[in-house]
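Only one structure is covered here, and it is reproduced in the block below.
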Amino acid sequence: MADGVLAHLVSRVAPGVDVVFLDTGLHFPETLRVRDEVARRLPVNVRSIRPRLTVGQQDGEYGPRLFNRSPDDCCQLRKVEPLERALTGYDAWAAGLRRDESPTRANTPVVTFDARRGRVKVNPIAAWKQADVDAYIARYDIPVNELFRRGYGSIGCWPCTRRTKAGEDPRAGRWAMFEKTECGLHV
Ligand code: SF4
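Under our numbering, the sequence shown has 59 at position 38, and the numbering climbs by one with no breaks.
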């Protein structure tokens, strides 16, 4: 969880809304702190969803450090399948994708149909710029992942996230050792 912007925004029109946090078991401690702060301070219901296998069980079944050998399979096990399980019973879901995050997100629609999951998908802040996010955070005192202040432009699991360099897209630090740009949640 990068920040609580989306959770706060949605909670203003739907207090008590469910917020799904995909607890991969490989998050930075700072990310877990943001999740806990969002749960404590915002009028939302945070649901932490875990993969079917612990990291240790995955190591035993697929070999250690699957994220280094086959990140698509690792993301499938630790993010994609858990999200699909988490969305059971919902007609729609929302995500915090923004067009300015990377070229691959430049055409992100505000509302679309997630055909893979058979649900409406809303990206309420798709057209926001980083400056809009910063202004919203300052205006409403939104919880933010402190790793942003330490040079991370986008924050995912610790094995697949590095700091971004000057001039890079915010998401350039994700899976930097691979061609991979998305985890498979946003297809
Ligand atoms: S981001 Fe990396 S560690 Fe996290 S689920 Fe995907 S491959 Fe695994």
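A virtual CB, placed ideally from N, CA and C, is assigned to each residue, including glycine.
A quick note: this is a predicted structure, and the numbers were derived from the prediction, not measured.
Asked	Found
For G172, the nearest candidate out of A187, L104, P164 (CA to CA)	A187
Ordered list of beta strand (DSSP E) runs contained in the region 51-122, each at least 3 residues	65-70, 113-115
Segments of 3+ residues assigned as beta strand (DSSP E) that fall wholly inside the region 137-172	140-143
The region 159-176 / the region 52-61 touching (three or more Cβ pairs under 8 Å)	yes
Three-way DSSP call (helix, strand, coil) for T125 in this model	helix
Of the listed residues Q78, V132, A116, nearest to D24 (C-alpha basis)	A116
Test item: CB-CB of L118 and A147 under 9 Å	yes
Length of the line joining the Cα atoms of V31 and P145	9 Å
Residues that DSSP places opposite R195 in a beta bridge	T182
Selected residue, minimal CA-CA separation from V26, among G139, E203, P64, L43	P64
Under the three-state DSSP convention, the category V132 falls into	strand
Bridge partner(s) assigned by DSSP for L43	I70
For D80, the nearest candidate out of D94, V67, R68, I70 (CA to CA)	D94
Classification of K142 by the beta-carbon crowding that lies within 10 angstroms, buried from 16 upward	buried
As assigned by DSSP and simplified to three states, the class of H48	strand
D24 - partner residues in DSSP beta bridges	V165
Own chain residues within Cβ distance below 6 Å of V208, not counting five before or after	R137
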